[in-house]
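Input: a single structure, listed below in structure tokens.
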Amino acid sequence: MTNEGNGAIMRELGISKQAYDFVRSAENSIKPVFEMIDANAEVNLARVLAGFRKENVGLRHFAPTTGYGYDDAGRDTLDRLFAHALFAEDALVRPQLTSGTHALYLALSGLCQMGDAVVAASGKPYDTLENAIGLSGDHPHSLKKQGVSFDYVDLNDDGSINIDGVLNMVAQKKAAVLYVQRSRGYAWRDSLLVNEHMAPLFRAVKERFPNVAIFVDNCYGEFTDVVEPLCAGADIIAGSLIKNPGGGIAPTGGYIAGKAKYIQRIENLLTVPGMGREVGSYAASYRPFYQGLYMAPHTTAQALKGAALFARVFEMLGMETMPSSNAKRSDIVQAVRFEEAEGLISFCRSIQSASPVDSAAVPEPWDMPGYTSQVIMAAGAFVQGSSIELSADAPIRKPYTAYVQGGLTYEHCSLAAMLVLTDLIKKGIAKL
Ligand SMILES: *Cc1c(COP(=O)(O)O)cnc(C)c1O
Numbered sequence: 015m016t017n018e019g020n021g022a023i024m025r026e027l028g029i030s031k032q033a034y035d036f037v038r039s040a041e042n043s044i045k046p047v048f049e050m051i052d053a054n055a056e057v058n059l060a061r062v063l064a065g066f067r068k069e070n071v072g073l074r075h076f077a078p079t080t081g082y083g084y085d086d087a088g089r090d091t092l093d094r095l096f097a098h099a100l101f102a103e104d105a106l107v108r109p110q111l112t113s114g115t116h117a118l119y120l121a122l123s124g125l126c127q128m129g130d131a132v133v134a135a136s137g138k139p140y141d142t143l144e145n146a147i148g149l150s151g152d153h154p155h156s157l158k159k160q161g162v163s164f165d166y167v168d169l170n171d172d173g174s175i176n177i178d179g180v181l182n183m184v185a186q187k188k189a190a191v192l193y194v195q196r197s198r199g200y201a202w203r204d205s206l207l208v209n210e211h212m213a214p215l216f217r218a219v220k221e222r223f224p225n226v227a228i229f230v231d232n233c234y235g236e237f238t239d240v241v242e243p244l245c246a247g248a249d250i251i252a253g254s255l256i257k258n259p260g261g262g263i264a265p266t267g268g269y270i271a272g273k274a275k276y277i278q279r280i281e282n283l284l285t286v287p288g289m290g291r292e293v294g295s296y297a298a299s300y301r302p303f304y305q306g307l308y309m310a311p312h313t314t315a316q317a318l319k320g321a322a323l324f325a326r327v328f329e330m331l332g333m334e335t336m337p338s339s340n341a342k343r344s345d346i347v348q349a350v351r352f353e354e355a356e357g358l359i360s361f362c363r364s365i366q367s368a369s370p371v372d373s374a375a376v377p378e379p380w381d382m383p384g385y386t387s388q389v390i391m392a393a394g395a396f397v398q399g400s401s402i403e404l405s406a407d408a409p410i411r412k413p414y415t416a417y418v419q420g421g422l423t424y425e426h427c428s429l430a431a432m433l434v435l436t437d438l439i440k441k442g443i444a445k446l
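The following block contains the structure:
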């Protein structure tokens, strides 16, 4: 780029030359990582496009529907497209699934009956599920109150799954469902890789307990790899459409995908026993969900490159990151550790100020519903709460860890990294 171009970037957003040069050199040092990510995106898009071709997607699928929504071709075809993209027999993709948590809760409720036990192999599940499961709170429709127990086995210190511990717990509880969370969520641990971590666990569980249903919280994981958990023997996965598989275009929603026999049980809980997936209309048109899925492999790749860049920048500053910039990733989340809450807060505020929406907002720690400690969030997204758009969250608790994810374009991530660094240098938190 010309010097004039560099200068314009710095002037427009208030980025210091020091920060600009530092981030550029971080970027230059991880080009091979970016090449790998782009290659995966192409593989994933090929699969998505093959699905569109197989279903002969046309304008008719984008027609709005009303009322009961019987024979809604847009809805039913979208289900099949997601199934194809995620290696599933069947899928439910619905704007009426209000969030990832909703999809996960519905799927678990549909899989379990009174007296069943769920065993999680990835430690304590994501914060928003605590009330739903009944680990905290006292809600009459929590899994616990429905007579479903939930126990978890922590990951090993090196981040791998404690397979023997899980097998013992499954046997002891006579578990009906094995639960795995793919992403790190708000935990200082690595995401679980499909082939390396999940496949051996799933093989071992299926060998000894063929009737256990394997369920994966796939939030943040979709399209980060060229395989999905269903390839490794999972039976059901669920996730949010305002994360990876919505491609930054889907305005809301969630999905559940997997074995047809399980999807059938879940669809009857989604609406009404006996009606299941036959009902459900959407007057706003499913078009953005189609376009979102089409964009998803690329958008996820942009977010992954952004995450690797943030990791590299903080590595070069000598700070702790999880994962490292050249790690193989199974989610889009990048964790960065600060020594003081001040660094954490500065980081989130810079991300906010680099956002296209609400850039003037100043994030403050608050008691977010569903979370057990105060959280500070930077979210300047077109879709409220969308975390495939560049966003950062940090529970205000020691050690001070910020989780940054998303970015619809890599350029946005790199500009945000420059702004973050400019502010950290100004405050004396980062020293080059
Ligand atoms: C985001 C997320 C959820 C919950 O999804 P929401 O859409 O925020 O309700 C659950 N598990 C993991 C790992 C997540 O990242």
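Following our numbering, the numbering of the sequence shown begins with 15 at its first residue and continues without gaps.
The beta carbon of each residue, even a glycine, is placed where N, CA and C say it ideally should be.
Item to check | Beta bridge counterpart(s) of GLN195 as assigned by DSSP | outcome: GLN195 is bridged to ASP231.
Next on the checklist: Check for me: the alpha helix (DSSP H) holding THR415 runs from which residue to which?
Outcome noted: Premise fails: THR415 lies in the beta strand (DSSP E), 414–419, not in any alpha helix (DSSP H).
Checklist entry - Nearest to LYS441 by CA position, among VAL191, ALA375, GLY357 and GLY28, is which residue? => result Per the Cα distances, GLY357.
Item to check | Continuous beta strand (DSSP E) assignments of at least 3 residues falling wholly in the region 262–289 | outcome: The beta strand (DSSP E) runs of length 3 or more contained entirely in the region 262–289 are, from start to end of the chain, 268–272.
Checklist entry - TYR234: beta carbon under 7 Å from a heavy atom of ligand 1? => result For ligand 1, at least one heavy atom lies less than 7 Å from the Cβ of TYR234.
Checklist entry - With distances taken from CA atoms, which of VAL162, ARG196 and LEU59 is nearest LYS187? => result Distance check between LYS187 and each of VAL162, ARG196 and LEU59 places VAL162 closest, using alpha-carbon atoms only.
Checklist entry - Excluding five sequence neighbours on each side, which residues of the same chain lie with their C-beta closer than 7 Å to the C-beta of LEU435? => result Excluding sequence positions up to five before and after LEU435, its CB lies within less than 7 Å of the CB of ALA33, PHE36, VAL37, VAL327 and ALA444, all in the same chain and listed in chain order.
Item to check | Inter-residue Cα distance where the pair is ARG89 and ASP437 | outcome: Inter-residue distance for ARG89 and ASP437 is about 46 Å (C-alpha atoms, whole angstroms).
Next on the checklist: Between the alpha carbons of PHE303 and GLY262, how many angstroms are there, rounded?
Outcome noted: Distance between the alpha carbons of PHE303 and GLY262: 10 Å.
Checklist entry - Taking the Cβ atom as the reference point for each residue, do ALA55 and ALA317 lie within a distance shorter than 8 Å? => result Not closer than 8 Å, so no.
Checklist entry - Where does GLY320 land, buried or exposed, given buried means 16+ other C-beta within 10 angstroms? => result By the neighbour-count rule (16 or more Cβ atoms within 10 Å), GLY320 is buried.
Item to check | CB contact below 8 Å: PRO214 versus chain B | outcome: Note that chain B does not occur in the displayed structure, where there is just one protein chain.
Item to check | First through last residue of the alpha helix (DSSP H) which encompasses LEU118 | outcome: Taken as a continuous stretch (DSSP letters only), the alpha helix (DSSP H) holding LEU118 covers 114–125.
Item to check | Simplified DSSP state of MET128, which is helix, strand or coil | outcome: Looking at MET128 - three-state DSSP - the assignment turns out to be coil, as it is neither helix nor strand.
Checklist entry - Looking at the structure shown, is ILE365 part of a helix, part of a strand, or coil, going by DSSP? => result In this structure, DSSP gives ILE365 a helical state, which the three-state scheme calls helix.
Checklist entry - ALA77 by DSSP, collapsed to three states: which one? => result Coil.
Item to check | Distance between beta carbons of GLY137 and GLY268, contact taken as under 8 Å | outcome: In fact, because the Cβ distance is near 23 Å, the residues do not count as touching under 8 Å.
Checklist entry - Which residues mark the beginning and the end of the beta strand (DSSP E) in which GLN348 is found? => result Note, GLN348: beta strand (DSSP E), 348–352.
Checklist entry - Among ASP152, ALA146 and ARG196, which has the Cα closest to the Cα of ILE346? => result Proximity to ILE346 across ASP152, ALA146 and ARG196 peaks at ARG196, based on C-alpha coordinates.
Checklist entry - Are the beta-carbon atoms of GLU403 and ILE390 separated by less than 8 Å? => result It is not a contact, given that the beta carbons lie outside the stated cut-off.
Next on the checklist: So, does the region 290–307 touch the region 42–49, judging by three or more C-beta pairs under 8 Å?
Outcome noted: Taking one beta carbon from each stretch, the region 290–307 and the region 42–49 have fewer than 3 pairs nearer than 8 Å; the two do not touch.
Item to check | Among GLY179, LEU206, LEU120 and ILE177, nearest to MET336 - alpha-carbon criterion | outcome: The closest CA to that of MET336, considering only GLY179, LEU206, LEU120 and ILE177, is found on LEU206.
Checklist entry - alpha helix (DSSP H) containing ALA317: first to last residue? => result Per DSSP, ALA317 belongs to the alpha helix (DSSP H) from 301–330.
Checklist entry - If we count Cβ pairs, one from each stretch, closer than 8 Å, do we get three or more for the region 402–422 versus the region 149–157? => result The region 402–422, when compared against the region 149–157, does not touch it at the 8 Å Cβ threshold.
Checklist entry - Any idea what DSSP makes of ASP345, helix, strand or coil? => result ASP345 falls in the coil class under three-state DSSP.
Checklist entry - Cβ of LEU404 within 7 Å of any heavy atom in ligand 1? => result For ligand 1, not one heavy atom lies less than 7 Å from the Cβ of LEU404.
Item to check | 8 Å Cβ cutoff met for PRO243 and VAL226 | outcome: Cβ atoms of PRO243 and VAL226: not closer than 8 Å.
Next on the checklist: I'd like to confirm something about LYS138: is its beta-carbon nearer than 7 Å to some heavy atom of ligand 1, or not?
Outcome noted: No, ligand 1 has no heavy atom inside 7 Å of this Cβ.
Item to check | Nearest neighbour of ALA252, chosen from VAL240, ALA264 and GLU236 [CA to CA] | outcome: Out of VAL240, ALA264 and GLU236, GLU236 has the C-alpha closest to the C-alpha of ALA252.
Item to check | Counted within 10 angstroms of its Cβ, other Cβ atoms place LEU446 as buried (16 or more) or exposed | outcome: Classification for LEU446: exposed.
Checklist entry - For MET212, which option in ILE175, ASP381 and SER150 has the closest C-alpha, if you only look at C-alpha atoms? => result When only C-alpha atoms are compared, the closest one is ILE175.
Checklist entry - Grouping DSSP H, G and I as helix and E and B as strand, with all else coil, what is ARG411? => result DSSP places ARG411 in the coil class of the three-state scheme, outside both helix and strand.
Item to check | Top-ranked residue by Cα proximity to ARG108, from ILE270, ARG25 and PHE48 | outcome: Nearest to ARG108 by C-alpha distance, out of ILE270, ARG25 and PHE48, is ILE270.
Item to check | Enclosing beta strand (DSSP E) for LEU106 [first to last residue] | outcome: For LEU106, the enclosing beta strand (DSSP E) begins and ends at 104–108.
Next on the checklist: Taking 7 Å as the cut-off, is the beta-carbon of ASP407 closer than that to any non-hydrogen atom of ligand 1?
Outcome noted: Taking non-hydrogen atoms of ligand 1 into account, the C-beta of ASP407 is found less than 7 Å away from none of them.
Checklist entry - So, using beta-carbon positions, are VAL208 and ALA246 closer together than 8 Å? => result Yes. Within cutoff.
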